[in-house]
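Quick notes on the structure that follows.
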Amino acid sequence: MNKNKEQLLNKRYKAEKRFRLYGQSAIFMALLFLTIFIFKIFSTGYSAFQKTWLIVPVTFDAELMMLEQNPSKEDLKDADYYDIALKSMADLDPNANENQENELKRMVSYFFEREIKRELLNDPSLIGKTKDVYLTASDDLDQVFKGNYPRDLPEDQRRVTDYQLKIFDQLVELGKVESKFNLSFFTYPDSREAELAGIASSFMGSIFSILVCLMIAFPVAVLAAIYLEEFAPKNRFTDFIEVNINNLAAVPSIVFGLLGLGILLAVFQLPRSTPLVGGITLSLMTLPTIIIACRASLKAVPPSIREAALAMGASKMQTTMHHTVPLSMPGTLSGTIIGLAQALGETAPLILIGMVAFVNTIPGSPLDPAASLPVQIYIWAESAERGFVEKVSACIMVLLGFLIIMNLFAQIIRHKFEKKWS
Amino acid sequence: MKKNGVKMIKINSKNVDVFYGKKQALFNINLDIEENQVTALIGPSGCGKSTFLRCLNRMNDVIDICRVKGQIIINDFDINDKSCDVVRLREKIGMVFQKPNPFPKTIYENISYGPTIHGMAQSKNEMDEIVETSLKKAALWEEVKDRLHEPGTGLSGGQQQRLCIARAISVKPEVILMDEPCSALDPIATAQIEELIDELKKDHTIIIVTHSMAQAARVSQNTGFFHLGELIEHGSTDKIFKNPENKKTQDYITGRFG
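So the protein lines, in turn, are chains A and B. With the numbering used here as the guide, the letters of the first sequence map in order to residues 1 to 422. With the numbering used here as the guide, the letters of the second sequence map in order to residues 1001 to 1258.
So, in structure tokens, the structure goes:
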């Protein structure tokens, strides 16, 4: 009898030990996946925050720029920079033939003319003089410099020619190639050229979409939740509504995209590809999430608080607004932020309502066409150029950073609220 | 309290039936409550004494499936009548619950809430005064006067319950209902509350539901005994405890069941 008991006890201890082990290995696995994932993204993405510049001497020849004596600011703006730009690139190799001159030109981005113009506008006294100007390297050379480009491929399979590589290596040796922080990644809109592509358009698009989504979804969801939870009679009809709110939360997001396409764009004729339409579509998706979170936190408010207020002679409305709702706010807010975070990462519905369009302007309002961060990732991931590979990871890093900041914010708000009374 | 030798009746209930859905919880209750006295409602668990108490300030309205029939007359007015406004009713009839349930706000805000929603104070000074008197009446002032702006939930259980009593009397109710106010408290806190109840009956009519017969005997002047939804016997506490008419009352009081 006694021995039997001991065996049972041992068995129990072993079972618990095993269970702990399973739990620990599960956590270990999860952490491992997360680490691999983050390492992969960082190792591919970090180089996108650096940009390669070629330092090229440019002679600001007034004659080539078709400038008269003592030009005004307007004249400088209208001047022809293409020829001096072309000449300064061609001058990198005095013996270059016409083909090679063309190749030299393609070593920098097509912005090179603008970069030279900016230099002169900043300092008009440069006319007639020669100055080293920073020009954005083409994305292929950028990748070569970062070591992401296989140089040992046969020439006909490369986008960089042997001649370009030769000149580039000379420049590197002379210290005329520099890597600097890639500010344009944050300030430029999307571009077909990897070296000029930035996230400004999609970042603003995401912000506007989220704001529109928040402004629509939050009040509607909170009012619906408060009414359903506190005021509505409990009958078949409200049960039916409740079931359908839960169903709504389970609807695949692409269906909401179709809804936006079919109703917002086709029937209401709202402007296509805009954060306004995107935000409304996302708000439909976020609505059930917030309603469910808000109702759950209303339910969690102890009934004794409601009774206390009612017994003091507070009306139903006062009880709800003075006591129940403020107490449920931390839960509601964190639910809202989780909903918004979901919406922020949502791609499918935005593709359907046209936010996948190539947008090379930065939107100034929710009514301007824009992309969004996840859609930007999708667009870049589809692009063939090697330069976009690192941009995809960098964009993911920005998106993740955005989400982490949002969640942190939610945590802080929540903590502050709850600390007060615990 | 007797005026010219006549008992003053504050609450008069006639043929009160209460149903939870199809189940009847109270059967034909006829009970008069004397003014400025403490009336104790005793009986075993589930006998309907709390249900009856909650009829008196219409707290049963909160429960969807609960229906109340019959008349409950307070100040010549039937509170079950459609014209009765629950907000005004509950302003006159305060309630203290079984578990202390202060609002998760400061001590000051706990007391000032009732007077604020009923517009009883015109200025900050008046409100300060109401808070002070209420806390003094609830014998809590000395303990909390230096931390009025700290959360009420940070007080001890007994203090929280006294805070709830202070909150209830802040709107100067005529009647205070107490639903087992000491069941979550230790003996010392219980003694303090009982003392307080005795003090409060000068200004208020008090009805207290209790599981403790000793408590009923200590604090009340009148007692009603409930069993299985019926009011078996009621009368002066002395009589109920010393000389009950009904066999069931006697069995319960002597501890043979319950």
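For every residue, glycine included, the Cβ atom is placed at its ideal position computed from N, Cα and C. Just so you know, these numbers come straight off a predicted model, no measurement behind them.
Beta carbon of residue i nearer than 7 angstroms to that of residue j
i: Lys391/A; j: Ala48/A; result: yes
i: Leu1177/B; j: Leu1053/B; result: yes
i: Asp81/A; j: Ile116/A; result: The identity of residue 81/A in the sequence shown is Tyr, whereas the question assumes Asp. Against a cut-off of 7 angstroms, the Cβ pair of Ile116/A and Tyr81/A comes out as a contact.
i: Gly278/A; j: Leu350/A; result: yes
i: Gln376/A; j: Ser202/A; result: yes
i: Leu287/A; j: Ala217/A; result: yes
i: Ile1074/B; j: Ile1011/B; result: yes
i: Ala370/A; j: Pro275/A; result: yes
i: Arg1058/B; j: Val1086/B; result: yes
i: Ile362/A; j: Pro189/A; result: yes
i: Asn1101/B; j: Ala308/A; result: yes
i: Val301/A; j: Ser273/A; result: no
i: Gly1224/B; j: Leu1041/B; result: yes
i: Pro1173/B; j: Val1096/B; result: no
i: Ser25/A; j: Val56/A; result: no
i: Lys1049/B; j: Val1209/B; result: yes
i: Ile127/A; j: Ala62/A; result: yes
i: Asp139/A; j: Glu382/A; result: no
Chain-ordered neighbours of residue i on chain A, where CB pairs are closer than 7 angstroms
i: Tyr1252/B; result: Result: empty, since nearest Cβ-Cβ is about 28 angstroms, beyond 7 angstroms.
i: Glu1091/B; result: Gly313
i: Val1144/B; result: Under the 7 angstroms cutoff, chain A gives no residues; its nearest Cβ is about 17 angstroms from Val1144/B.
Proximal chain B residues relative to residue i, where beta-carbon distance stays under 7 angstroms
i: His415/A; result: Chain B residues near His415/A: none, gap ~16 angstroms exceeds 7 angstroms.
i: Ile226/A; result: None at all; the shortest Cβ gap to chain B is about 17 angstroms.
Distance, residue j Cα to residue i Cα
i: Asn993/B; j: Arg236/A; result: For residue 993/B there is no data in the structure shown, the boundaries of chain B being 1001 and 1258.
i: Trp421/A; j: Arg414/A; result: Confidence at Trp421/A is low in this model, with a pLDDT of 48, below 50, so its placement is unreliable and the value that follows should be read with caution. Taking the straight line from one Cα to the other gives about 12 angstroms.
i: Lys416/A; j: Val251/A; result: 34 angstroms
i: Leu194/A; j: Ser365/A; result: Here the sequence assigns Ala to residue 194/A, which means Leu is not the residue at that position. Going from the Cα of Ala194/A to the Cα of Ser365/A covers about 26 angstroms.
i: Asn4/A; j: Arg18/A; result: 21 angstroms
i: Val160/A; j: Val172/A; result: 16 angstroms
i: Gly1272/B; j: Ile1029/B; result: The shown model of chain B, from 1001 to 1258, leaves out residue 1272/B, and the question about it has no answer.
i: Thr52/A; j: Phe358/A; result: 25 angstroms
i: Ala266/A; j: Phe256/A; result: 14 angstroms
i: Asn1015/B; j: Asn1036/B; result: 24 angstroms
i: Phe1241/B; j: Ala1139/B; result: 30 angstroms
i: Lys419/A; j: Ile412/A; result: Since pLDDT at Lys419/A reaches only 48, below the 50 mark, its modelled position is unreliable, and the value read off the structure follows with that caveat. So the two alpha carbons sit approximately 10 angstroms from each other.
i: Glu346/A; j: Ser43/A; result: 25 angstroms
i: Ala1166/B; j: Val1219/B; result: 19 angstroms
i: Lys234/A; j: Thr319/A; result: 19 angstroms
i: Leu125/A; j: Glu74/A; result: Correcting the residue type first, residue 125/A is Ser in the shown sequence and not Leu. Computed Cα separation, rounded: 15 angstroms.
i: Ile379/A; j: Asp78/A; result: 35 angstroms
i: Ala30/A; j: Ile305/A; result: 40 angstroms
i: Val222/A; j: Val356/A; result: 31 angstroms
i: Leu228/A; j: His323/A; result: 17 angstroms
i: Ile291/A; j: Asp1179/B; result: 35 angstroms
i: Arg1256/B; j: Asp1186/B; result: 25 angstroms
i: Gln1071/B; j: Glu1150/B; result: 43 angstroms
i: Met1001/B; j: His1204/B; result: Note that Met1001/B scores a pLDDT of 47, beneath 50, so its modelled location is shaky; the value from the coordinates is reported in the next line. Each residue's alpha carbon lies about 11 angstroms from the other.
i: Asp123/A; j: Asn148/A; result: 36 angstroms
i: Leu64/A; j: Asp91/A; result: 15 angstroms
i: Val1038/B; j: Pro1044/B; result: 20 angstroms
Chain-ordered chain B contacts of residue i [CB-CB under 8 angstroms]
i: Ile305/A; result: Asn1101, Phe1103 and Pro1104
i: Gln318/A; result: Ile1117
Below-7 angstroms beta-carbon distance, residue i vs any chain E residue
i: Met1120/B; result: Annotation note: the requested chain E is absent from the structure, which comprises protein chains A and B.
Partner residues on chain A for residue i, Cβ-Cβ distance less than 8 angstroms
i: Val1087/B; result: Gly313, Ala314 and Ser315
i: Gly1094/B; result: Ala311 and Met312
Listed by chain order, chain B residues near residue i by CB distance under 9 angstroms
i: Lys5/A; result: Chain B residues near Lys5/A: none, gap ~38 angstroms exceeds 9 angstroms.
i: Gln376/A; result: Simply none; closest approach about 44 angstroms.
Cross-chain neighbours of residue i in chain A, by beta carbon under 9 angstroms
i: Phe1052/B; result: Result: empty, since nearest Cβ-Cβ is about 16 angstroms, beyond 9 angstroms.
i: Phe1097/B; result: Ser304, Glu307, Ala308 and Ala311
Proximity test, residue i beta-carbon vs the ligand MN heavy atom, cut-off 6 angstroms
i: Leu1196/B; result: In the structure shown, the ligand MN is absent, as is every other ligand, since no ligand is present at all.
Output needed in chain order: residues of the stretch 1031–1046 of chain B with a Cβ under 8 angstroms from some Cβ in chain A. Of all residues in the stretch 1031–1046 of chain B, none has a Cβ within less than 8 angstroms of some Cβ in chain A.
Near-chain A residues of the stretch 1103–1117 of chain B - C-beta to any C-beta below 8 angstroms: If you check each beta-carbon in the stretch 1103–1117 of chain B against every beta-carbon of chain A, the ones closer than 8 angstroms belong to Phe1103, Pro1104, Tyr1113, Gly1114 and Ile1117.
Below 7 angstroms between beta carbons is the criterion; list the residues of the stretch 1054–1065 of chain B that meet it against any residue of chain A, in chain order. Asn1057, Met1059, Val1062 and Asp1064
Members of the stretch 1008–1030 of chain B that neighbour chain A once the beta carbon cut-off is set at 8 angstroms: none
Please identify, using Cβ separations under 7 angstroms, the residues of the stretch 325–358 of chain A that lie next to chain B, in order along the chain. Leu327
Any C-beta of chain A within less than 9 angstroms: which residues of the stretch 1201–1224 of chain B qualify? none
Closer than 8 angstroms between beta carbons: that is the criterion. Which residues of the stretch 226–240 of chain A meet it against chain B? Pro233 and Lys234
Which parts of the stretch 13–101 of chain A are runs of the alpha helix (DSSP H), unbroken and 4 residues or longer, counting only runs that do not cross its ends? Runs of the alpha helix (DSSP H) lying entirely within the stretch 13–101 of chain A and spanning at least 4 residues, in chain order: 73–78 and 82–90.
The stretch 1149–1174 of chain B: which residues have C-beta closer than 8 angstroms to a C-beta of chain A, in chain order? Residues Pro1151, Thr1153, Cys1164, Arg1167, Ala1168 and Val1171.
Could you tell me which whole beta strand (DSSP E) segments of length 3 or greater appear in the stretch 1024–1098 of chain B? 1038–1042, 1066–1074 and 1093–1096
Complete runs of the beta strand (DSSP E) confined to the stretch 137–199 of chain A [at least 3 residues]: Listed in chain order, they are 177–181.
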